[in-house]
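Trainee: From first to last, the protein sequence lines stand for chains A and B. Position 132 (the first sequence) corresponds to 131 in numbering that gives the first Met the number 0; numbering is contiguous. Position 5 (the second sequence) corresponds to 4 in numbering that gives the first Met the number 0; numbering is contiguous. From the three backbone atoms N, C-alpha and C, an ideal C-beta is built for every residue, glycine too.
2 protein chains.
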Amino acid sequence: MKTVRDLGEFGLIRHLAKRIPRAGDDCAVLPGGGLLTCDPVIEGIHFLPETPPRAVGWKAMARNLSDIAAMGGTPRYAVVSLGLRPTTTVRWVCELYAGMRAVAVQFGCEIVGGDTAHVRHEQFVVVTLLGQADRPVLRSGAKPGDVVFVTGPLGGSFASGKHLRFTPRITEARWLVQHCRPHAMMDVSDGLASDLQRLSEASRVGFNIVSCKIPIAPGVAAARRAAGSSSFRRFTEAPLHHALTDGEDFELLFTVSPRRAKLARQRFYEIGRVIPQPVVLLDGVPLTAKGYDHFAQRR
Amino acid sequence: MKTVRDLGEFGLIRHLAKRIPRAGDDCAVLPGGGLLTCDPVIEGIHFLPETPPRAVGWKAMARNLSDIAAMGGTPRYAVVSLGLRPTTTVRWVCELYAGMRAVAVQFGCEIVGGDTAHVRHEQFVVVTLLGQADRPVLRSGAKPGDVVFVTGPLGGSFASGKHLRFTPRITEARWLVQHCRPHAMMDVSDGLASDLQRLSEASRVGFNIVSCKIPIAPGVAAARRAAGSSSFRRFTEAPLHHALTDGEDFELLFTVSPRRAKLARQRFYEIGRVIPQPVVLLDGVPLTAKGYDHFAQRR
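(1) Any idea what DSSP makes of arginine 232 of chain A, helix, strand or coil?
(2) Short check: CB of threonine 254 of chain B to CB of alanine 183 of chain B, under 8 Å?
(3) Output, in sequence order along the chain, the residues in the region 2–20 of chain B whose CB is closer than 9 Å to any CB in chain D.
(4) Are the C-beta atoms of arginine 180 of chain B and some chain A residue less than 8 Å apart?
(5) Using only the alpha-carbon positions, how far apart do lysine 1 of chain A and tryptophan 91 of chain B sit?
(6) Note down, in chain order, each residue of its chain lying with its Cβ closer than 6 Å to the Cβ of alanine 222 of chain A, except the 5 sequence neighbours on either side.
(7) Using the rule of at least 16 other Cβ atoms within 10 Å of the residue's Cβ for burial, across every protein chain shown, is valine 312 of chain A buried or exposed?
(8) Taking only runs that begin and end inside the region 103–182 of chain A, name each unbroken beta strand (DSSP E) of 3 or more residues, in chain order.
(9) Suppose the cutoff is 6 Å on Cβ atoms and the five residues either side in sequence are ignored; what does the same chain contact list for arginine 232 of chain B look like?
(10) Can a CB atom of chain A be found closer than 8 Å to the CB of arginine 119 of chain B?
(11) Taking C-beta pairs closer than 8 Å, name the residues in chain B that valine 78 of chain A reaches, listed in chain order.
(12) Spell out whether any CB of chain B is found under 8 Å from the CB atom of threonine 87 of chain A.
(13) In chain A, what lies closer than 7 Å to leucine 83 of chain B by C-beta?
(14) Checking 8 Å against the spacing of the C-beta atoms, do glutamate 8 of chain B and histidine 120 of chain A come in under that value?
(15) Counting only runs that start and end within the region 236–278 of chain B, where is the alpha helix (DSSP H) found for 4 or more residues in a row?
(16) Which of the three DSSP states, helix, strand or coil, is assigned to methionine 60 of chain B?
(17) Could you check whether glycine 246 of chain A and valine 147 of chain A sit closer than 8 Å to each other, using their CB atoms as the reference points?
(18) Can you list the residues of chain A that tyrosine 268 of chain B reaches, using a CB-CB cut of under 7 Å?
(19) Keeping to the same chain, check which residues put their C-beta closer than 6 Å to that of alanine 260 of chain B; ignore five residues upstream and five downstream.
(20) By the 10 Å Cβ neighbour count, where 16 or more other Cβ atoms means buried, how is arginine 203 of chain B classified, buried or exposed?
(21) Please report the distance separating the alpha-carbon of glutamine 105 of chain A from that of arginine 168 of chain A.
(22) Can you tell me where the alpha helix (DSSP H) holding phenylalanine 9 of chain A begins and where it ends?
(23) What do you get for glutamate 42 of chain B, buried or exposed, if any count of 16 or more other CB atoms within 10 angstroms of its CB means buried?
(24) Which residues in chain A have a C-beta closer than 7 Å to the C-beta of aspartate 114 of chain B? List them in chain order.
(25) Report the residue from B:Leu29, B:Cys93, B:His45, B:Val278 whose alpha carbon sits nearest the alpha carbon of leucine 137 of chain B.
(26) Between the C-alpha atoms of proline 39 of chain B and valine 79 of chain B, what's the straight-line distance to the nearest angstrom?
(27) Give the residues of chain B in contact with phenylalanine 123 of chain A, contact being defined as C-beta atoms less than 7 Å apart.
(28) Rounded to the nearest angstrom, what separates proline 143 of chain A and aspartate 24 of chain A at their Cα positions?
(29) With threonine 115 of chain A and leucine 81 of chain A assumed to form a contact (beta carbons below 8 Å), what rounded beta-carbon distance in angstroms separates them?
(30) For a minimum of 3 consecutive residues, which ranges assigned as the beta strand (DSSP E) are wholly contained in the region 18–98 of chain A?
(31) Under 8 Å, Cβ to Cβ, is there at least one residue of chain A near methionine 185 of chain B?
(32) So, with DSSP's three-state summary, where would you put glycine 205 of chain A?
(33) DSSP state of leucine 198 of chain B, grouped into three classes?
(34) Would you identify the three-state DSSP class for leucine 280 of chain A, choosing helix, strand or coil?
(35) Could you tell me whether the Cβ atoms of cysteine 26 of chain A and glycine 190 of chain A are closer together than 8 Å?
(36) Indicate whether at least one CB of chain A lies closer than 8 Å to the CB of glycine 190 of chain B.
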């Protein structure tokens, strides 16, 4: 029988989404512009047993804030589900909450409740956010001719520790909605290559990305050291490979009409154009590099 | 350093709730009457590896619907976070969703999205519900002289399998809000003894419960067989002990003014009275039996 691993994370989500009409974006959009999203953070996957609990809390909350940002929305309320081992210290849990609260209050979001339960092995944190967007920006609105942007440099997020202390792009997203009216937007969580693919599917368009325009994060140097020379095998230009596939960048990927691109260029990184053919090209050649898949990796 | 186990589940929640002003009820109440709640369901605790996935889904959704019922609310939207092992079959996940959907649609609730991630050991399901209540019923409103009720018989829920197929008391709660205006309400999830204690703390009142009036579920017979004679040691009347402490009953516990009690008596089980002293009495004697605590047990 087919397993979750056979289908892969995106295959599974696609399979489930057939019966969930509102799924397919970073948040579910409710009537009246409500946004609802939840995202699990799991020990051994998203953080390590030795990760400072304040950083775990920050990440668990910031990931969800990033999903609200990706819709051009404002976060409002959060609830938190914790799976804790009985031997975990109360101090650890308090630090976790302090981390969640620290990033939530920055963006006017209030933690209003939650629940805890016992686990034997991996601890987990599931934050659910309720937000609001008057004009939610979906993944499905990219139009041929649009200019493609990212809000910041990509790659090396795990190696540099950025994945534990990134700032969700709430402020940038609201500025964008006000001034540039992006046609499509999502956050880069699984790697630019993979997320471009998903934006392409949702909008039924393609992209031509210019490799030398992709901003590469300083963390990529650390990632290359950590990987040794192995990453050279897969890609001629290893830093670019990291920027395309490392994931957990939590920058925004968006498209705007050429008319509004000038304003966006003053603040963000232009990386390419939207094309009518539903294919992702890098310098005119189909891009095959893949991002992070929860179930397909770790064979 | 103090661990989660030292503090116990309720101690931990009390500790955290100090900094979460809206916490302390079955759901967080948002301005405008919005209700937000989330509840984890974990393999090995709330279900077993061999539990049919449809039943796991039903339970994960129904527990949350029960929290909305406990506020006298109407459920609207759900998001789902899954922690899955890569070897889990796609069929298992689809059945899980079928179970969630089956109970959600009964009460007009729509699953609008979610996320999945990889776990190595225990799988989990976290459902978050957004609901609405025009006049939310809190835990804090019980008044001395009120009559205390439960919506159904208690005990033996694990042994009988009721915990996997119970009907959340949404319909009953809405009827109650319309006709009896309950002063305080919560769902019985950790056992009547423990939940009376929590209602007592929230309302700063006490209860005098009449033991022979507590309705005992048919499942208690199965629970006693499963427990052998061991439960006799702790309580002279073992069936009553089960009804007080087994937990996962998901019936509603509520108080109404004596004037409105007549109507409630036609449908539900009267079990005692609210008293001004902040103590839970059983037939006039302080009740010491305890319900389920996630962290304190399993030493």
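Mentor: According to the structure data:
(1) To locate residue 232 of chain A, count along the first sequence from 1; it is residue 233. The predicted model places arginine 232 of chain A with a pLDDT of 47, which falls under 50 and marks its position as unreliable; any figure quoted below should be read in that light. Arginine 232 of chain A falls in the helix class under three-state DSSP.
(2) For the purposes of this step, residue 254 of chain B is taken as residue 255 along the second sequence, with counting starting at 1. For the purposes of this step, residue 183 of chain B is taken as residue 184 along the second sequence, with counting starting at 1. Cβ distance < 8 Å, so threonine 254 of chain B and alanine 183 of chain B count as in contact.
(3) The structure shown has no chain D; the protein chains it does contain are A and B.
(4) The sequence position of residue 180 of chain B within the second sequence is 181, counting from 1. No, arginine 180 of chain B does not count as interfacial toward chain A.
(5) Residue 1 of chain A sits at position 2 when you count from the first residue of the first sequence. Residue 91 of chain B sits at position 92 when you count from the first residue of the second sequence. C-alpha separation (whole angstroms): 10 Å.
(6) The residue you call residue 222 of chain A lines up with position 223 of the first sequence. Answer for alanine 222 of chain A: Gly155, Ala158, His241, listed in chain order.
(7) Lying before the first or after the last residue shown, residue 312 of chain A is absent from chain A, which here runs from 0 to 298.
(8) 109–117, 123–131, 146–149
(9) Looking up residue 232 of chain B in the second sequence gives position 233. Residue placement at arginine 232 of chain B cannot be trusted, given a pLDDT of 47 that sits under 50; the coordinates are not used to answer.
(10) Stepping through the second sequence from its first residue, residue 119 of chain B is reached at position 120. Arginine 119 of chain B counts as touching chain A.
(11) Along the first sequence, read from residue 1 onward, the residue named residue 78 of chain A stands at position 79. Those within 8 Å of valine 78 of chain A in chain B are Ala27, Leu35, Thr36, Cys37, Thr127.
(12) As a working note, residue 87 of chain A is residue 88 in the first sequence. True, the Cβ-Cβ gap to chain B drops below 8 Å.
(13) Taking the first residue of the second sequence as 1, we reach residue 83 of chain B at position 84. Chain A residues near leucine 83 of chain B: Val3.
(14) The sequence position of residue 8 of chain B within the second sequence is 9, counting from 1. The sequence position of residue 120 of chain A within the first sequence is 121, counting from 1. No, they are not a contact pair.
(15) 237–244, 257–264
(16) Position 61 of the second sequence holds residue 60 of chain B. Helix at methionine 60 of chain B.
(17) The residue you call residue 147 of chain A lines up with position 148 of the first sequence. The residue you call residue 246 of chain A lines up with position 247 of the first sequence. Their beta carbons are not under 8 Å apart, which means valine 147 of chain A does not touch glycine 246 of chain A by this criterion.
(18) The residue labelled residue 268 of chain B in the question sits at position 269 within the second sequence. Near tyrosine 268 of chain B there are no residues of chain A at all, since even the closest Cβ is about 27 Å away, more than 7 Å.
(19) For this step, residue 260 of chain B is matched to residue 261 along the second sequence. Within the same chain, alanine 260 of chain B has close Cβ partners Val146.
(20) One-based indexing of the second sequence puts residue 203 of chain B at position 204. The residue is exposed, with fewer than 16 neighbouring Cβ atoms inside 10 Å.
(21) The residue you call residue 105 of chain A lines up with position 106 of the first sequence. The residue you call residue 168 of chain A lines up with position 169 of the first sequence. When rounded, the distance between both Cα atoms is 12 Å.
(22) Along the first sequence, one-based indexing puts residue 9 of chain A at 10. Element bounds for phenylalanine 9 of chain A: 3–16.
(23) As a working mapping, residue 42 of chain B is identified with position 43 in the second sequence. Answer is buried; the Cβ neighbour count reaches 16.
(24) Along the second sequence, one-based indexing puts residue 114 of chain B at 115. What aspartate 114 of chain B touches in chain A: Cys37, Asp38, Pro39.
(25) Locating residue 137 of chain B in the second sequence gives position 138, where the first residue counts as 1. Here the closest residue by C-alpha is B:Leu29.
(26) As a working note, residue 39 of chain B is residue 40 in the second sequence. As a working note, residue 79 of chain B is residue 80 in the second sequence. Taking the straight line from one Cα to the other gives about 10 Å.
(27) For this step, residue 123 of chain A is matched to residue 124 along the first sequence. Chain B residues near phenylalanine 123 of chain A: Gly82, Phe123.
(28) Here residue 143 of chain A is taken as the residue at index 144 of the first sequence, counted from 1. Here residue 24 of chain A is taken as the residue at index 25 of the first sequence, counted from 1. Rounded to the nearest angstrom, the two C-alpha atoms are 20 Å apart.
(29) By one-based count along the first sequence, residue 115 of chain A stands at place 116. By one-based count along the first sequence, residue 81 of chain A stands at place 82. About 4 Å; that satisfies the 8 Å criterion.
(30) 33–41, 73–83
(31) Start at 1 with the first residue of the second sequence, and residue 185 of chain B comes out as number 186. Chain A, which has no Cβ nearer than 8 Å to the Cβ of methionine 185 of chain B, makes this no.
(32) The residue you call residue 205 of chain A lines up with position 206 of the first sequence. The answer is strand: DSSP assigns glycine 205 of chain A an E or B state.
(33) Within the second sequence, numbered from 1, the residue matching residue 198 of chain B stands at position 199. Leucine 198 of chain B falls in the helix class under three-state DSSP.
(34) On the first sequence, position 281 is the one that residue 280 of chain A refers to. Three-state result, leucine 280 of chain A: strand.
(35) On the first sequence, residue 26 of chain A is found 27 positions in, with the first residue counted as 1. On the first sequence, residue 190 of chain A is found 191 positions in, with the first residue counted as 1. The answer is no: Cβ separation not under 8 Å.
(36) What you label residue 190 of chain B is simply residue 191 of the second sequence in a count that begins at 1. Cβ-Cβ to chain A under 8 Å: no for glycine 190 of chain B.
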